[in-house]
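Asks: So for the sequence shown, our numbering puts the first residue at 439; every next one is plus one.
All C-beta atoms, glycine included, are put in the ideal place defined by N, C-alpha and C.
Here you go, one structure.
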Amino acid sequence: MSIKFDIQGRDGQARAGVLRTAHGDIATPSITLNYTKALESWGFVPSDISDARDVILLRNTFWLRERGAEDIREGISWAGPTMADSGGFQMVSLGKHLHQNFSGIGFNLNGKRAFITPHEVVEWGKAAGVDLIMPLDNTVYTMDKNPLKFIWSAFMTAVWHRRSRGIADDRLYYISQGGLNKLARLISLWDARRQLNRGIPAIAIGGLAWNEPRPAMYNTVDFCVKRLPDDKPRHLLGICKPVDILECIKRGIDTFDGIAATREGRHGRVWVSGGKYFDIRNAEFEKDEQVLDPLCDCPTCRSNISRAKLRAGFKQKDHETIRRLMVHNWHHNYSLIKGARAAILSGQLDYYISDYLRNR
Ligand SMILES: [Zn+2]
């Protein structure tokens, strides 16, 4: 089934909509659950977020293919919509002796030579029943000093996108690349508009989230959104810290993914209502009988387990404690986004954001 997107309300540049997929509708703005190897290894299962509705489960095409998986839902119980990213991002960070050409990316992984083509990425996604497919894209470290690299990445991503067409066009994204470089972005967005006019249903903004200064990242999101058609869903790749989610919803992003919430939880750092953030290892929590966040209704906070107990468990590297912290942080983002959606529909988004950020 082809992706469909309906806009239900607007507040400034922000919008609240519904993204329709073969496995259900997602009320936007929304966030994915990035179901990574790290989550699996800490015992996190998708049913840990079963209270949450309107969630897309995201998995990585490259790692699933490496495992021999033939279905995006392999090994998990998940009836809702799914998204698969190609793994180009991980290849850049993990692969040794990376080389790339018009046909794809080659690299060494665990002593083995691997090559991945844009065509294969989409073919696997189609065969594996993925609802929202990210093509193979070419990304560059955002703070790289060589402007030509950004132009190259936008150009190569465009070439690979052509090689991704004709397989599952009705659920394929176009990924805009180009880092913070405006010329590269203009090239990428020009090609994106052409592909969107030719039936590609959705766009993702990639090439950010590499530690660039926040204002520069927000400006780039704004720059891209203003040059994209209004009626297509917009995904922001790899960004999910609460403040960034709010700032980018305001600029017109509909869906987010990222691992920051669960990664922070794994390291004992907790996000709580009112934009606050703390480290559960701090001595001040040794005898703290409160739940992590009294205003949160996630499974961890509802179970009434105290900060003191979570602190003790974390110090012993207890898997169950770490899973609980990850579940809480993910739910924090989920509630934040659902609140933002309600705020857009009632024309109160600016107030909602400033209220959240006021106490930071
Ligand atoms: Zn909670």
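Please name the residue or residues paired with ILE649 in a DSSP beta bridge.
Replies: Against the sequence shown, residue 649 aligns to sequence position 211. Per the sequence presented here, residue 649 reads as Asn, with Ile not at that position. Looking at the DSSP assignment, ASN649 forms no beta bridge with any residue, so it has no partner.
Asks: Between TRP709, ARG740 and ASP695, which has its C-alpha nearest LEU570's C-alpha?
Replies: Position 132 of the sequence shown holds residue 570. LEU570 has its Cα closest to that of ASP695, out of TRP709, ARG740 and ASP695.
Asks: I want to check one thing, is the minimum distance from the CB of ASP731 to the heavy atoms of ligand 1 below 8 Å?
Replies: Taking the first residue of the sequence shown as position 1, residue 731 is located at position 293. At least one heavy atom of ligand 1 is nearer than 8 Å to the Cβ of ASP731, so yes.
Asks: Pairs of beta-carbons, one from the region 611 to 630 and one from the region 538 to 551, closer than 8 Å: are there three or more?
Replies: Counting Cβ pairs under 8 Å, fewer than three are found: no touch.
Asks: Using beta-carbon positions only, say whether THR555 and ASP523 come within less than 9 Å of one another.
Replies: Along the sequence shown, read from residue 1 onward, the residue named residue 555 stands at position 117. Along the sequence shown, read from residue 1 onward, the residue named residue 523 stands at position 85. Against a cut-off of 9 Å, the Cβ pair of ASP523 and THR555 comes out as no contact.
Asks: Might you give, ordered along the chain, the residues of its own chain that have their beta carbon closer than 7 Å to the beta carbon of ASN472, omitting 5 neighbours on each side?
Replies: Within the sequence shown, the letter at position 34 stands for residue 472. Around ASN472: LEU496, ASP695, GLY696 and ILE697.
Asks: Among residues of its own chain, excluding the 5 on either side of ILE514, which ones have a beta-carbon nearer than 6 Å to its beta-carbon?
Replies: Start at 1 with the first residue of the sequence shown, and residue 514 comes out as number 76. Correct list, in chain order: PRO484.
Asks: Measure the C-alpha to C-alpha separation of PRO653 and CYS686 and round it to an integer number of angstroms.
Replies: Position 215 of the sequence shown, counting from 1, holds the residue named residue 653. Position 248 of the sequence shown, counting from 1, holds the residue named residue 686. Rounded to the nearest angstrom, the two C-alpha atoms are 11 Å apart.
Asks: What do you get for MET581, buried or exposed, if any count of 16 or more other CB atoms within 10 angstroms of its CB means buried?
Replies: In the sequence shown, the residue the question calls residue 581 occupies position 143. The residue is exposed, with fewer than 16 neighbouring Cβ atoms inside 10 Å.
Asks: Using CA coordinates, which residue listed in ALA622, MET439, SER744 and LEU618 is at the minimum distance from THR595?
Replies: The residue labelled residue 595 in the question sits at position 157 within the sequence shown. For THR595, the nearest C-alpha among the options comes from ALA622.
Asks: Which stretch, first to last residue, makes up the beta strand (DSSP E) that contains THR499?
Replies: The sequence position of residue 499 within the sequence shown is 61, counting from 1. Not the beta strand (DSSP E): THR499 falls in the alpha helix (DSSP H), residues 499 to 505.
Asks: Figure out for me which residue from ALA746, GLY525 and ARG665 has the closest Cα to the Cα of LEU763.
Replies: Looking up residue 763 in the sequence shown gives position 325. Comparing Cα positions, the closest option is ALA746.
Asks: Within 10 angstroms of its Cβ, does GLU702 collect 16 or more other Cβ (buried), or is it exposed?
Replies: As a first step, residue 702 must be located in the sequence shown, where it is residue number 264. Label assigned to GLU702: buried.
Asks: Among the residues of its own chain, which have a CB less than 6 Å from the CB of TRP516, if the five just before and after it don't count?
Replies: Residue numbering aside, residue 516 sits at position 78 when the sequence shown is read from its first letter. So the list reads PRO484 and LEU495, once near-sequence residues are dropped.
Asks: At which residue ranges does the region 635 to 698 contain complete alpha helix (DSSP H) runs of 4 or more residues, listed in the order of the chain?
Replies: The region 635 to 698 contains these whole alpha helix (DSSP H) runs: 652 to 663 and 680 to 688.
Asks: Taking only heavy atoms of ligand 1 into account, decide whether any of them is closer than 8 Å to the Cβ of CYS662.
Replies: Taking the sequence shown and counting its residues from 1, one reaches residue 662 at position 224. Answer for CYS662: no, Cβ out of range of ligand 1.
Asks: Quick one: does the C-beta of ILE466 sit closer than 8 Å to a heavy atom of ligand 1?
Replies: Taking the sequence shown and counting its residues from 1, one reaches residue 466 at position 28. Residue 466 is actually Thr in this sequence, not Ile. Result no, Cβ not under 8 Å from ligand 1.
Asks: How would you write the range of the beta strand (DSSP E) that ILE469 sits in, first residue to last?
Replies: If you number the sequence shown from 1, residue 469 lands on position 31. ILE469 -> beta strand (DSSP E) spans 468 to 472.
Asks: Find the nearest neighbour of VAL681 within the set MET572, HIS461, GLY542 and SER792, judged by alpha-carbon distance.
Replies: Here residue 681 is taken as the residue at index 243 of the sequence shown, counted from 1. Answer by Cα proximity: SER792.
Asks: Starting from the N-terminal side, write out each stretch of the alpha helix (DSSP H) that is 4 residues or longer and does not extend beyond the region 730 to 761.
Replies: Segments of the alpha helix (DSSP H) lying fully in the region 730 to 761: 737 to 740 and 745 to 753.
Asks: Mind checking who HIS537 pairs with in its DSSP beta bridge?
Replies: As a first step, residue 537 is located in the sequence shown; it is residue number 99 there, counting from the start. The partner list for HIS537 (beta bridge, DSSP) reads GLY544.
Asks: Going along the chain, which residues of its own chain have a beta-carbon closer than 7 Å to the beta-carbon of PRO585, five neighbours each way excluded?
Replies: Position 147 of the sequence shown holds residue 585. Contacts found: ASN619.
Asks: Given the structure, does THR738 come close to ligand 1, in the sense that its CB is under 8 Å from one of the ligand's heavy atoms?
Replies: By 1-based counting over the sequence shown, the position of residue 738 is 300. Yes - ligand 1 has a heavy atom lying nearer than 8 Å to the Cβ of THR738.
Asks: Taking 9 Å as the threshold (C-beta atoms), are ILE464 and PRO519 in contact?
Replies: On the sequence shown, residue 519 is found 81 positions in, with the first residue counted as 1. On the sequence shown, residue 464 is found 26 positions in, with the first residue counted as 1. Yes, the pair counts as a contact, with Cβ atoms nearer than the cut-off.
Asks: Quick check: is any heavy atom of ligand 1 less than 8 Å from the C-beta of ASP799?
Replies: Absent from the model: residue 799. The displayed extent of the chain is 439 to 798, so no value can be given.
Asks: Please report the residue range of the alpha helix (DSSP H) in which ALA565 lies.
Replies: As a position in the sequence shown, residue 565 is number 127, starting the count at 1. 556 to 565 is the span of the alpha helix (DSSP H), which, as asked, contains ALA565.
Asks: Using DSSP bridges, identify the partner residues of LEU774.
Replies: Position 336 of the sequence shown, counted from the start, is the residue given in the question as residue 774. Answer is none; LEU774 lacks a bridge partner.
Asks: Please classify PRO732 as buried or exposed, where buried requires at least 16 other C-beta atoms within 10 Å of its C-beta.
Replies: As a position in the sequence shown, residue 732 is number 294, starting the count at 1. Counting Cβ neighbours within 10 Å, PRO732 comes out exposed, since fewer than 16 surround it.
Asks: Which residue's Cα is closest to the Cα of ASP489: VAL765, LYS753, ALA781 and SER784?
Replies: The residue given as residue 489 occupies position 51 in the sequence shown. Measuring from the Cα of ASP489, the nearest candidate turns out to be VAL765.
Asks: Within 8 Å: the Cβ of HIS461 and any heavy atom of ligand 1?
Replies: Numbered from 1 along the sequence shown, position 23 holds the residue referred to as residue 461. No, ligand 1 has no heavy atom inside 8 Å of this Cβ.
Asks: So who's on the other strand from ARG601, going by DSSP bridges?
Replies: By one-based count along the sequence shown, residue 601 stands at place 163. DSSP, once it has assigned bridges, lists no residue as partnering ARG601.
Asks: In whole angstroms, give me the CA-to-CA distance for PHE482 and GLU758.
Replies: For the purposes of this step, residue 482 is identified with residue 44 of the sequence shown, where counting begins at 1. For the purposes of this step, residue 758 is identified with residue 320 of the sequence shown, where counting begins at 1. Each residue's alpha carbon lies about 9 Å from the other.
Asks: Do ASP449 and ALA750 come within 9 Å of each other at the CB atom, strictly closer than that value?
Replies: Counting from 1 along the sequence shown, the entry for residue 750 is found at position 312. Counting from 1 along the sequence shown, the entry for residue 449 is found at position 11. No, they are not a contact pair.
Asks: Among residues of its own chain, excluding the 5 on either side of ARG453, which ones have a beta-carbon nearer than 6 Å to its beta-carbon?
Replies: For the purposes of this step, residue 453 is taken as residue 15 along the sequence shown, with counting starting at 1. Excluding sequence neighbours, ARG453 sits near ILE445.
Asks: Between which two residues does the beta strand (DSSP E) containing VAL717 stretch?
Replies: Start at 1 with the first residue of the sequence shown, and residue 717 comes out as number 279. Just to set this straight, residue 717 is Asp in the shown sequence, not Val. Element bounds for ASP717: 714 to 717.
Asks: Please tell me whether, using a cut-off of 8 Å, the distance from the CB of HIS770 to the nearest non-hydrogen atom of ligand 1 is below it.
Replies: To locate residue 770, count along the sequence shown from 1; it is residue 332. Indeed, a heavy atom of ligand 1 lies less than 8 Å from the Cβ.
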